[in-house]
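Engineer:
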Amino acid sequence: MQPPPGAQPKDYAACIWFPTIEEAQSLVNKYIVELNYMSYIVHGPTLRKLVTEAYDGGPHISASLAVLLLAIFAFVARTWTHVDAELAGLFYCRAQAQAQASSWTTTAFDVLEQCHRNSEVSLELAQGLSILNSAIFHFEGLTSRGSTVLAQTIAMCRQLGLHRIDHPGDRTSLQDNPSLYGVRAEVGRRVWWRLATLDWMLAAYPGPQKGTYFISSLHMAVRKPLNLEDENLTDASELLGQGLTKPTSMFYFLERIRLAEKIKSAIDKSPLTGVSTYGQVLEVDAAIASTIQDTPQPLALKGGSGPSYSSSQNMEYIAGQCYSLHLLLHGQRCRLHLPYLIRGISETPYDQSREIALKSARFIIDGEVSLGKFSREASSSHFMLGGVFFSFFSAVAVLALDLCLAVPEEIKVKQQEFEQAWRILGEVPDKVSMIEEGMHILEGRPKRSNPIPRSVVMFLRLIQALLYNKTWVTDMPFLGLG
């Protein structure tokens, strides 16, 4: 639709086609229940109320809420699989879901551009922009577009004052400001900490952003989000969260914050003025290892046997959060030590890298098997997230390389180990493009004369790209789960 002649940008409202209220509620519910835990920047009851009010309010909807809803719709559509019972009537195939997700994303950015021209800022707009940013890193990789959107989100949140929401000098004014008080203030803290966590973790990845970050912990006054279920969150002036040993929907998010703080501390000890050393790699690894060691019992996996937690809460989603946390931690370790795995065979200083990488790779594979026993749907849908796939890929790459380096008496056992991981990829329904294309290559180009399994050959090619092609690394999906 084109604006009428003489219309000013502020007068022009685009015509946007939204799904029906039943479809919108299904999409929002899936996001809240299954996907929100990764970044936890929405308050479930408030979001559901906003959806109802938006659809009951007639054909007009605020631009900021439109961006938030479109971002959520697009994110959910990106992760759709044919086993998604709740969304069975929305899409008839993955291609349609992906096309609709692209359409919603494009529309969201169009509305966002209009908001920028009108200097419009709001908490809902910051939430929508943050979700769009997560989608870029998950489904496109560490691209310049993702970095630009991250910078825009941080700038908008600073305009809203989220970086100093708990500053003593601002508390009185915040109580008089209903837009950032009570539940909304707590959501603001979640949004800011999600940005800080992502910013600090990105600094540990290859690319132009390595070793740098936008947000300094010295220049923010924001307490950690409460470990509290959304249903228990109120506008009370003083809110008390559960202890960190109490599993809630916030648990995974808080653990990621703790990991990001440790990674930031390790990065701060490695200024860009010096040359990167193996010692710095071990320092980052130590931060990850301590997070694994300190993981509270309710979310601790016992050797891939599933979450050591039982109550009336939905075990499928607890299992999903549990696995996602350890996937992040062990995937990071695989990526860190993969470049040193071969050198660990002949050079003593690097032998620990081989041990660490193999231990983490096996943990990831065992965890995937365990998750599949708890929930086939959870095991399938999370592979649609690029960060999840990259972690799993890193584990399979470690096993493939280790198989090629094995002595004759170890080959049979290690080949079975690798084949189990490869079989998991083959059983993923509605595969992401990289899995599907890679397996088609193997099926179409058999190498009967090569004693090394065909799947291993392909992974060795990908490993070579991972280690030596910086562009390819930059384009890979983000391991930090957005």
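Heads up: the sequence shown runs through residues 1 to 482, numbered per full-length UniProt numbering.
Yeah, the Cβ is synthetic: ideal placement off N, Cα and C, and Gly gets one too.
Note that the coordinates shown come from a computational prediction; the quantities given were computed from them, not determined experimentally.
1) Which class does Trp-17 belong to by DSSP, given the choice of helix, strand or coil?
2) Between the C-alpha atoms of Leu-75 and Ser-102, what's the straight-line distance to the nearest angstrom?
3) Could you pull the start and end residues of the alpha helix (DSSP H) that Pro-45 belongs to?
4) Do you know how far the Cα of Tyr-92 is from the Cα of Val-28?
5) If you check the beta carbons only, do Tyr-323 and Gly-367 fall under 7 Å apart?
6) Considering only residues of the same chain and omitting the five flanking positions on each side of Ala-126, which have a CB-CB separation below 7 Å?
7) Assess contact between the segment 99 to 116 and the segment 39 to 57, defined as three or more Cβ pairs (one per stretch) separated by less than 8 Å. Is contact present?
8) Tell me whether Asp-235, by its Cβ, gets closer than 6 Å to a heavy atom of the ligand FAD.
9) Would you give the residue range spanned by the alpha helix (DSSP H) that Thr-197 belongs to?
10) Looking only at its chain, what residues have a beta carbon closer than 6 Å to the beta carbon of Glu-255, apart from the 5 residues adjacent to it on each side?
11) Consult DSSP for Ile-131 and reduce its assignment to one of helix, strand or coil.
12) Among Asp-268, Glu-34 and His-330, which one has its Cα closest to the Cα of Leu-218?
13) Could you give the distance in angstroms between the alpha-carbon of Ala-395 and the alpha-carbon of Ala-406?
14) When DSSP labels each residue in this structure, what does Trp-80 get in the three-state scheme?
15) Beta-carbon separation of Ala-266 and Ala-287 under 7 Å?
16) Decide if the segment 129 to 143 is in contact with the segment 57 to 72; the criterion is three or more beta carbon pairs, one per stretch, under 8 Å apart.
17) Specify, as a first and last residue, the run of the alpha helix (DSSP H) that Asp-110 falls within.
18) Check each candidate in His-43, Leu-87 and Ser-64 and name the one with the smallest Cα separation from Pro-19.
19) Are the CB atoms of Arg-189 and Val-222 nearer to each other than 7 Å?
20) So, helix, strand or coil for Tyr-205, using DSSP?
21) Cutting at 6 Å between CB atoms, please list the residues of its own chain near Ser-119, excluding the five before and the five after it.
22) In or out: Ser-310 buried (at least 16 other Cβ within 10 Å) or exposed?
23) Does Phe-394 come out as helix, strand or coil in the three-state DSSP assignment?
24) Ordered along the chain, which non-local residues of its own chain (more than five positions away) have a Cβ less than 6 Å from that of His-167?
25) With distance defined between alpha-carbon atoms, name the residue in Lys-359, Gln-352 and Ser-391 nearest to Gln-332.
26) Check the C-beta distance from Leu-403 over to Gln-415 and give it rounded, since I have them as a contact under 8 Å.
27) Take Leu-327 and list the residues in its own chain whose beta-carbon comes closer than 7 Å to its own, dropping the five residues that flank it on each side.
28) Per DSSP, what kind of secondary structure is Gly-141 in: helix, strand or coil?
29) Just to check my reading of the structure: Ile-41 and Arg-194 have Cβ atoms closer than 8 Å, yes? What is that Cβ distance to the nearest angstrom?
30) Starting from the C-beta of Lys-262, find all residues in its chain whose C-beta is less than 8 Å away, skip the five residues before and the five after it, and write them out in chain order.
31) At the level of alpha carbons, what is the spacing between Gln-321 and Ala-63?
32) To the nearest angstrom, report how far apart Gln-209 and Pro-408 are at their CA atoms.
33) For Ser-270, which three-state DSSP category applies?
34) Between which residues of its own chain and Leu-479 is the CB-CB distance below 8 Å, once the five residues before and five after are set aside?
35) Give every residue of the same chain whose Cβ lies closer than 8 Å to the Cβ of Ala-203, excluding the five residues on either side of it in the sequence, and list them in chain order.
Structural biologist: According to the structure shown:
1) Of the three classes helix, strand and coil, the one that applies to Trp-17 here is coil, per DSSP.
2) As written in the sequence, residue 75 is Phe, which differs from the Leu given in the question. A direct Cα-Cα distance of roughly 10 Å separates Phe-75 from Ser-102.
3) Pro-45 -> alpha helix (DSSP H) spans 44 to 56.
4) Per the coordinates, the alpha-carbon of Val-28 lies some 19 Å from the alpha-carbon of Tyr-92.
5) Yes, they are a contact pair.
6) Cβ neighbours of Ala-126 beyond the five flanking positions: Thr-153, Met-156, Cys-157, Leu-160 and Val-191.
7) The segment 99 to 116, when compared against the segment 39 to 57, does not touch it at the 8 Å Cβ threshold.
8) The ligand FAD is not among the ligands present in this structure, which contains no ligands whatsoever.
9) Run containing Thr-197: 183 to 202, per the alpha helix (DSSP H) assignment.
10) For Glu-255, where only same-chain residues beyond five positions count, the Cβ hits under 6 Å are Leu-325.
11) Note: Ile-131 maps to helix in three-state DSSP.
12) When only C-alpha atoms are compared, the closest one is Asp-268.
13) When rounded, the separation of the alpha-carbon atoms in Ala-395 and Ala-406 is 16 Å.
14) Here Trp-80 sits in coil by DSSP.
15) Contact flag set, yes.
16) When Cβ pairs closer than 8 Å are counted between the two stretches, the segment 129 to 143 is seen to touch the segment 57 to 72, the count reaching three or more.
17) Per DSSP, Asp-110 belongs to the alpha helix (DSSP H) from 94 to 117.
18) Answer by Cα proximity: Leu-87.
19) The Cβ-Cβ distance between Arg-189 and Val-222 falls below 7 Å.
20) Judged by DSSP in its simplified three-state form, Tyr-205 adopts coil rather than helix or strand.
21) Excluding sequence neighbours, Ser-119 sits near nothing in its chain.
22) The predicted model places Ser-310 with a pLDDT of 46, which falls under 50 and marks its position as unreliable; any figure quoted below should be read in that light. It counts as exposed.
23) Contrary to the premise, residue 394 reads as Ser rather than Phe in this sequence. Here Ser-394 sits in helix by DSSP.
24) Answer for His-167: Ala-221, listed in chain order.
25) Checked all of Lys-359, Gln-352 and Ser-391; the closest Cα to Gln-332 is Ser-391.
26) The beta-carbon separation of Leu-403 and Gln-415, rounded to 6 Å, stays under the 8 Å limit for a contact.
27) Ile-364, Gly-367, Val-388 and Ser-391.
28) In the structure shown, the three-state DSSP call for Gly-141 is coil.
29) Contact between Ile-41 and Arg-194 holds: their C-beta atoms lie close to 5 Å from each other, under 8 Å.
30) Same-chain partners within the cutoff: Ala-287, Ile-288, Ser-290 and Thr-291.
31) Roughly 32 Å separates the two Cα atoms.
32) Cα to Cα, the separation comes out at about 43 Å.
33) DSSP places Ser-270 in coil when its eight states are reduced to three.
34) For Leu-479, the predicted structure reports a pLDDT of 40, less than 50, and the residue's modelled location is therefore unreliable. The matter cannot be settled from this model.
35) Taken in chain order, the residues that qualify are Gln-209, Lys-210, Gly-211, Thr-212, Tyr-213, Ile-263, Lys-264 and Ile-267.
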